[in-house]
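Heads up, the thing below is written out as structure tokens.
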Ligand SMILES: [Fe+2]
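Numbering (our numbering), first residue to last: 27 to 555.
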């Protein structure tokens, strides 16, 4: 472990188990606390403010593990709860995750599994702590900004019109900060930052470069006023390289009046702007993450010292905003792993659906992109695609794997899986947008689907996308009661059912543009069908 000794509270009613775990954890350099049931654990947590992770058994007297975790969640505690359970089945897994547990360790456990899972939890814990620190830093920065704008406000009273304009600008920045901080998509955050720069500084050209993973290059991730997006520069070259290496801003008010050193630097960079400033973007956790470049090109316009001051404060907050979105993305990737674990739980129960969820997701995402969906919708589809059949956990395995036609009663049970799925995922915040897909992925355009019998436009577009992908994969895979159909036969059936079961336009796009990306098949093979 790097910077800090993380503390783990072990909660188990078996003394022997507690002491084995204690030994393992001490060996791994964790500080260890012990409690024999949920009740005692809560007391310890109240009295001890340095507990990072709780490792708890499920079944215990007085207060069991699920109750303990629910208690932590209801108190908005940011301690990471991990469950230990001797008996893993999908229902337990779901109840464990729904109670708010971050992960689980199967019993009997081996030291390696414990080490691995704790490592992951520490990573998440670090993120939480970093985020807290970030928030604090942002608050201080906001205070500074406010102080500066108050100062300017006083001057405005004196009647300086230019300052009055600046005051308005600072107010605008201050308000936009809130938005920067709440965005979860770093590309959006960056775009937003550049637009603020454009508005406040009046610059027609600005860009943000981010450090690449190897830390040797800077890549232009977004730009206004020009189109060098994705261009990479080495950190040992030119203006950006200079700023990165020195971690200092470089301000050239007027390039016609600079020293020879700077002239050389500009020459190496093909930098043509008349007036520019390049500012390092630094964060607490990652250090230098990138550079903000702002330029003014017009003959009669230069970036003033005052504007550079504003940009200095602004770039601090922009960096914190970008970092917070990047952190969010990392958290989200962890969520995706959790979801995959959930989906593996159904696939373990129903071998015919193995791989189904992932293929459906791939087809659905591709179709959605072809139709023009982006950002949030694609993210939702990625999660929902994996989870759409999660409700099958609640359908008896004999029905899922029955190698013959289902009886009416069995079919009725099977038809409950979208609602069961919805109830499993309900209440898990980041999966909220997936609920409609999970619930309604068996609706039909003609209203004959289930569970709600929605018709045509009543079915959200993104749900219809998944329905086509789902049906395609179901037909092209082996099922308990029949072999896989060929792609051509499947296409034929999609066409027969368009406008009835499926959205006609989506079927058309799927056949024309999506299938060919996954199968050696061209849409003209089916012409005339
Ligand atoms: Fe389904």
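Idealized CB from N, CA, C, for every residue including glycine. Small disclaimer: the values here were computed from a predicted structure and weren't measured.
**OP:** Taking 8 Å as the cut-off, decide whether the C-beta atoms of residue 336 and residue 301 are in contact.
**Re:** Residue mapping note: residue 336 aligns to position 310 of the chain shown, counting from 1. Residue mapping note: residue 301 aligns to position 275 of the chain shown, counting from 1. Not closer than 8 Å, so no.
Original post:
Expressed to the nearest angstrom, what Euclidean distance is found between the alpha-carbon atoms of residue 266 and residue 85?
Top reply: In the chain shown, the residue the question calls residue 266 occupies position 240. In the chain shown, the residue the question calls residue 85 occupies position 59. Distance between the alpha carbons of residue 266 and residue 85 is about 58 Å.
**OP:** Select from 92, 99 and 106 the residue whose C-alpha is nearest the C-alpha of residue 33.
**Re:** Counting from one through the chain shown, the residue named residue 33 turns up at place 7. Answer by Cα proximity: 106.
Subject >> Residues whose Cβ lies closer than 7 Å to any heavy atom of ligand 1, in chain order >> reply: 414, 415, 443, 444, 467, 468 and 496
Original post:
What separation, rounded to the nearest whole angstrom, lies between the Cα atoms of residue 519 and residue 457?
Top reply: Numbered from its first residue, the chain shown carries residue 519 at position 493. Numbered from its first residue, the chain shown carries residue 457 at position 431. So the alpha carbons of these two residues sit roughly 32 Å apart.
Subject >> DSSP beta-bridge partners of residue 34 >> reply: For this step, residue 34 is matched to residue 8 along the chain shown. 58 and 79.
Subject >> Inter-residue Cα distance where the pair is residue 130 and residue 40 >> reply: In the chain shown, counting from the first residue as 1, residue 130 sits at position 104. In the chain shown, counting from the first residue as 1, residue 40 sits at position 14. The alpha-carbon atoms of residue 130 and residue 40 are separated by roughly 18 Å.
Subject >> Beta bridge counterpart(s) of residue 319 as assigned by DSSP >> reply: In the chain shown, counting from the first residue as 1, residue 319 sits at position 293. DSSP, once it has assigned bridges, lists 233 and 304 as partnering residue 319.
**OP:** Using 10 angstroms around the beta-carbon of residue 111, count the other beta-carbons present and answer buried if the total reaches 16, otherwise exposed.
**Re:** Here residue 111 is taken as the residue at index 85 of the chain shown, counted from 1. Flag for residue 111 reads buried.
Subject >> Neighbourhood of residue 403 by C-beta distance below 8 Å, restricted to the same chain and skipping five residues each side >> reply: Numbered from 1 along the chain shown, position 377 holds the residue referred to as residue 403. Answer for residue 403: 394 and 488, listed in chain order.
Original post:
Do you know offhand how far residue 51's Cα is from residue 68's?
Top reply: Within the chain shown, residue 51 is the residue found at index 25, counting from 1. Within the chain shown, residue 68 is the residue found at index 42, counting from 1. Using only the alpha carbons, I get a separation of about 20 Å.
Original post:
Do three or more CB pairs link the segment 339 to 357 to the segment 489 to 498 at distances below 8 Å?
Top reply: no
Subject >> Rounded straight-line distance, which links the Cα of residue 246 to that of residue 220 >> reply: Taking the chain shown and counting its residues from 1, one reaches residue 220 at position 194. Taking the chain shown and counting its residues from 1, one reaches residue 246 at position 220. Whole-angstrom Cα-Cα distance: 12 Å.
Original post:
Should residue 72 go down as buried or exposed, given a rule of 16 or more other Cβ atoms within 10 Å for buried?
Top reply: Residue numbering aside, residue 72 sits at position 46 when the chain shown is read from its first letter. It is exposed - the Cβ of residue 72 has fewer than 16 other Cβ atoms within 10 Å.
Original post:
Helix or strand or just coil, what does DSSP make of residue 437?
Top reply: For the purposes of this step, residue 437 is taken as residue 411 along the chain shown, with counting starting at 1. Helix at residue 437.
Original post:
Out of curiosity, what's the CA-to-CA distance linking residue 323 and residue 312?
Top reply: Counted from its first residue, the chain shown places residue 323 at position 297. Counted from its first residue, the chain shown places residue 312 at position 286. Going from the Cα of residue 323 to the Cα of residue 312 covers about 32 Å.
Original post:
What do you get for residue 142, buried or exposed, if any count of 16 or more other CB atoms within 10 angstroms of its CB means buried?
Top reply: Your numbering for residue 142 matches position 116 in the chain shown. Classification of residue 142: exposed, given that the 10 Å Cβ count is below 16.
Original post:
Anyone know if the C-beta pair for residue 36 and residue 60 falls short of 8 Å?
Top reply: For the purposes of this step, residue 36 is identified with residue 10 of the chain shown, where counting begins at 1. For the purposes of this step, residue 60 is identified with residue 34 of the chain shown, where counting begins at 1. Yes. Within cutoff.
Subject >> Integer Cβ distance of residue 471 from residue 534, believed to fall under 8 Å >> reply: One-based indexing of the chain shown puts residue 471 at position 445. One-based indexing of the chain shown puts residue 534 at position 508. That pair is no contact at about 14 Å.
Original post:
Leaving out the 5 sequence neighbours to the left and right, which residues in its chain are closer than 6 Å to residue 477 when beta-carbon positions are compared?
Top reply: Along the chain shown, one-based indexing puts residue 477 at 451. Within the same chain, residue 477 has close Cβ partners 444 and 445.
Original post:
Closest to residue 238 by CA distance: which of 315, 452, 475 and 284 is it?
Top reply: Position 212 of the chain shown, counting from 1, holds the residue named residue 238. The shortest Cα separation from residue 238 among 315, 452, 475 and 284 belongs to 315.
Original post:
How many Å lie between residue 546 and residue 386 at the Cα?
Top reply: As a first step, residue 546 must be located in the chain shown, where it is residue number 520. As a first step, residue 386 must be located in the chain shown, where it is residue number 360. Using only the alpha carbons, I get a separation of about 18 Å.
Original post:
Between residue 256 and residue 276, what straight-line distance do the alpha-carbon atoms span, to the nearest angstrom?
Top reply: Residue numbering aside, residue 256 sits at position 230 when the chain shown is read from its first letter. Residue numbering aside, residue 276 sits at position 250 when the chain shown is read from its first letter. The straight-line gap from Cα to Cα measures roughly 22 Å.
Original post:
When we look at the beta-carbon of residue 398 and count the other beta-carbons within 10 Å, is it buried (16 or more) or exposed?
Top reply: By 1-based counting over the chain shown, the position of residue 398 is 372. That one is exposed.
Original post:
For the candidate residues 74, 63, 416 and 226, whose alpha-carbon lies nearest to that of residue 81?
Top reply: As a first step, residue 81 is located in the chain shown; it is residue number 55 there, counting from the start. Here the closest residue by C-alpha is 63.
Subject >> Continuous beta strand (DSSP E) stretch holding residue 130: start and end >> reply: Within the chain shown, residue 130 is the residue found at index 104, counting from 1. 129 to 132 is the span of the beta strand (DSSP E), which, as asked, contains residue 130.
**OP:** Within its chain, find whatever has a CB closer than 7 Å to the CB of residue 460; leave out the 5 residues flanking it on each side and keep chain order.
**Re:** Position 434 of the chain shown, counting from 1, holds the residue named residue 460. 406, 409, 410, 413 and 451.
**OP:** Would you decide whether residue 345 is buried or exposed? Buried here means 16 or more other CB atoms lie within 10 Å of its CB.
**Re:** Counting from 1 along the chain shown, the entry for residue 345 is found at position 319. With 16 or more Cβ atoms within 10 Å of its Cβ, residue 345 is classed as buried.
**OP:** Could you tell me how far apart the beta carbons of residue 481 and residue 532 are, in whole angstroms, since I believe they sit closer than 8 Å?
**Re:** Position 455 of the chain shown, counting from 1, holds the residue named residue 481. Position 506 of the chain shown, counting from 1, holds the residue named residue 532. Not a contact, Cβ separation roughly 16 Å.
Subject >> Opposing strand residues paired with residue 459 [DSSP bridges] >> reply: If you number the chain shown from 1, residue 459 lands on position 433. According to DSSP, residue 459 bridges with nothing at all.
**OP:** Kindly indicate which three-state DSSP category residue 287 falls into: helix, strand or coil?
**Re:** In the chain shown, counting from the first residue as 1, residue 287 sits at position 261. Helix.
Original post:
What does a CB cutoff of less than 6 Å around residue 503 pick up in its chain, not counting 5 residues either side in sequence?
Top reply: The residue given as residue 503 occupies position 477 in the chain shown. Excluding residues within five positions, the ones whose Cβ falls inside 6 Å are 510.
**OP:** Can you grab the Cα-Cα spacing for the pair residue 104 / residue 543, in whole Å?
**Re:** By 1-based counting over the chain shown, the position of residue 104 is 78. By 1-based counting over the chain shown, the position of residue 543 is 517. One C-alpha to the other measures close to 43 Å.
Original post:
Which residues in the same chain as residue 349 place their Cβ atom closer than 6 Å to its Cβ, once the five residues preceding and following it in sequence are excluded?
Top reply: Here the question's residue 349 lines up with position 323 in the chain shown. Same-chain partners within the cutoff: 309.
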